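Trainee: Encoded as structure tokens, here's the structure I'll be asking about.
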Amino acid sequence: MKPEDVLVIDCSVTEAYPDAGAGVLLMDGIGVTCPPELLTAVRLETESGLRTTYAGRDRAALATLPPFPSYVAFYKRFKKTYHVLLQLESVALKQRSIASPGGLVTAMFMAELETGLLSAGHDRRTLALPLRLMSAAGGEEFETMSGEIKRLKAGDLHMADPSGTVSSVVYGPDRRTQLQPDTISALYTTYAVPGVTDAQVARHLNILESYVQRLHPEAVTKLKATFRPHHGKEEAPPEAAPYPRGAL
């Protein structure tokens, strides 16, 4: 599968955030439930590593470490706090546990905490690819994982398929395409807000891939790629497969 078959970057991103980008990890063949004892062992190992790495620091110190300044600056536009930074503080400094609802989701949480990068996970079967990374006009609506309808803020980065938004930086992933206990094909996307480098995204995808493979050894990687806007003429979404602004 080619990268452009999975994700394209809309001209709205080129205009609003020419230094933004994304990453994608597509893994298939997931057919075995992660054993609870394995999930617990990997989670505890990750928590221990984070606590060792960040021992003696506070949230202010964590916030100075890349890539946190880039995400903090982006969230500040919307009067929000970067939740991955808060979660790292909670796990590494306050000795709390990483949420572990299942192997595929926990792998993503652990990779986020290890790298600081923001990701969303989707059941590939529910998506019509390619996804399109866009800068929100403001007013687009989607149903979050909690079932709440959220209206995107102008300038928020979000991804959509022809049925509507599947995630945004500010509000997170949607309900329609969320990872499920019976997911056999997982598509992970990573938001590279301005200031986040391709090298950081590539490292994050490698770590995420490693966690998924540890928890689901049968999983096979179909695509792993980073994306940046083309600084030239961008194609609009095709009329035959529109990307609606505001569709649920």
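In this text, residue positions in the sequence shown follow the working numbering: the first is 2, and each later residue adds one.
Even glycine gets a Cβ: it sits at the ideal position worked out from N, Cα and C.
The structure presented is a predicted model; accordingly, all values stated were derived computationally and were not measured.
1. Should the stretch 126-141 be regarded as contacting the stretch 67-85, the criterion being three or more beta carbon pairs within less than 8 Å?
2. Can you grab the Cα-Cα spacing for the pair I31 / S186, in whole Å?
3. Report the CB separation of T222 from G24 in whole angstroms; it is logged as a contact under 8 Å.
4. So, is D11 buried or exposed, given that buried needs 16 or more other C-beta atoms within 10 angstroms?
5. Reducing DSSP to helix, strand and coil, say where L134 ends up.
6. Per DSSP, what are the beta-bridge partners of I185 in this structure?
7. Could you tell me the alpha carbon to alpha carbon distance between A203 and T227, rounded to whole angstroms?
8. Suppose only complete runs of 4+ residues qualify. What are the alpha helix (DSSP H) ranges in the stretch 10-85, listed by chain order?
9. Comparing the C-beta of K80 with each C-beta of chain C, is any distance below 8 Å?
10. Would the stretch 175-186 and the stretch 96-112 be scored as touching if the rule is three or more Cβ pairs under 8 Å?
11. Measuring only the C-alpha atoms, how far is K154 from V194?
12. May I have a chain-ordered list of the beta strand (DSSP E) segments no shorter than 3 residues that lie completely inside the stretch 168-222?
13. What would DSSP say about M146, mapped onto helix, strand or coil?
14. Among the candidates D6, M2, Q201, D20, whose CA atom is the shortest distance from the CA of H231?
15. In the DSSP assignment, find the alpha helix (DSSP H) that holds L114 and state where it starts and stops.
16. Whose CA, out of Y212, A200, A62, A129, lies closest to the CA of G22?
17. Please list the terminal residues of the continuous beta strand (DSSP E) segment that includes M160.
18. Between the alpha carbons of S98 and R60, how many angstroms are there, rounded?
19. Could you work out which residue in D29, V43, L206, P68 is closest to M2 when comparing CA atoms only?
20. Alpha carbon to alpha carbon, how far is T166 from V7? Give it in angstroms, no decimals.
21. In whole angstroms, what separates the C-alpha of A42 from that of T54?
22. If I measure Cβ to Cβ from T145 and keep anything under 7 Å in the same chain, skipping five residues before and after, which residues do I get?
23. How would you label L66, buried or exposed, when you count the other beta carbons within 10 angstroms and need 16 or more for buried?
24. Determine the direct distance from the alpha carbon of A108 to that of T15, and round the result to whole angstroms.
25. Rounded to the nearest angstrom, what separates S1 and T198 at their Cα positions?
26. With a CB to CB cut of under 7 Å and the five nearest residues on each side skipped, what residues in its chain are close to C35?
Mentor: Looking at the atomic coordinates:
1. no
2. Looking up residue 31 in the sequence shown gives position 30. Looking up residue 186 in the sequence shown gives position 185. Going from the Cα of I31 to the Cα of S186 covers about 6 Å.
3. Within the sequence shown, the letter at position 221 stands for residue 222. Within the sequence shown, the letter at position 23 stands for residue 24. Their Cβ separation, rounded to whole angstroms, is 13 Å, which puts T222 and G24 out of contact at 8 Å.
4. Along the sequence shown, read from residue 1 onward, the residue named residue 11 stands at position 10. Under this definition D11 is a buried residue.
5. Sequence index remark: in the sequence shown, residue 134 carries index 133 (1-based). Residue state, collapsed to three classes: strand.
6. Within the sequence shown, residue 185 is the residue found at index 184, counting from 1. DSSP lists no partner for I185.
7. Counting from one through the sequence shown, the residue named residue 203 turns up at place 202. Counting from one through the sequence shown, the residue named residue 227 turns up at place 226. Rounded to whole angstroms, A203 to T227 spans 7 Å at the Cα level.
8. 12-17, 37-54, 60-63, 69-77
9. Going by chain labels, chain C is absent from the structure shown, which holds only one protein chain.
10. yes
11. What you label residue 154 is simply residue 153 of the sequence shown in a count that begins at 1. What you label residue 194 is simply residue 193 of the sequence shown in a count that begins at 1. The alpha-carbon atoms of K154 and V194 are separated by roughly 16 Å.
12. 187-193
13. What you label residue 146 is simply residue 145 of the sequence shown in a count that begins at 1. DSSP places M146 in coil when its eight states are reduced to three.
14. As a working note, residue 231 is residue 230 in the sequence shown. Ranking D6, M2, Q201, D20 by Cα distance to H231 puts D20 first.
15. Position 113 of the sequence shown, counted from the start, is the residue given in the question as residue 114. Per DSSP, L114 belongs to the alpha helix (DSSP H) from 104-116.
16. For this step, residue 22 is matched to residue 21 along the sequence shown. Nearest of Y212, A200, A62, A129 to G22, Cα basis: A200.
17. Residue mapping note: residue 160 aligns to position 159 of the sequence shown, counting from 1. Unbroken beta strand (DSSP E) run through M160: 158-162.
18. For this step, residue 98 is matched to residue 97 along the sequence shown. For this step, residue 60 is matched to residue 59 along the sequence shown. Approximately 17 Å between the Cα atoms of the pair.
19. Position 1 of the sequence shown, counted from the start, is the residue given in the question as residue 2. Of D29, V43, L206, P68, the residue nearest in Cα terms is D29.
20. Along the sequence shown, one-based indexing puts residue 7 at 6. Along the sequence shown, one-based indexing puts residue 166 at 165. Their Cα atoms are separated by approximately 15 Å.
21. Within the sequence shown, the letter at position 41 stands for residue 42. Within the sequence shown, the letter at position 53 stands for residue 54. Between A42 and T54, the C-alpha separation is close to 18 Å.
22. Against the sequence shown, residue 145 aligns to sequence position 144. Once the five neighbours on either side are set aside, the close Cβ partners of T145 are K151, Y172, G173, D175, R176.
23. Your numbering for residue 66 matches position 65 in the sequence shown. Burial call: exposed.
24. Translated into the one-based positions of the sequence shown, residue 15 becomes position 14. Translated into the one-based positions of the sequence shown, residue 108 becomes position 107. About 31 Å.
25. No information on residue 1 is available, as it lies outside the stretch 2 to 249 that the chain covers here.
26. Here the question's residue 35 lines up with position 34 in the sequence shown. Excluding residues within five positions, the ones whose Cβ falls inside 7 Å are G103, G104, L216, H217.
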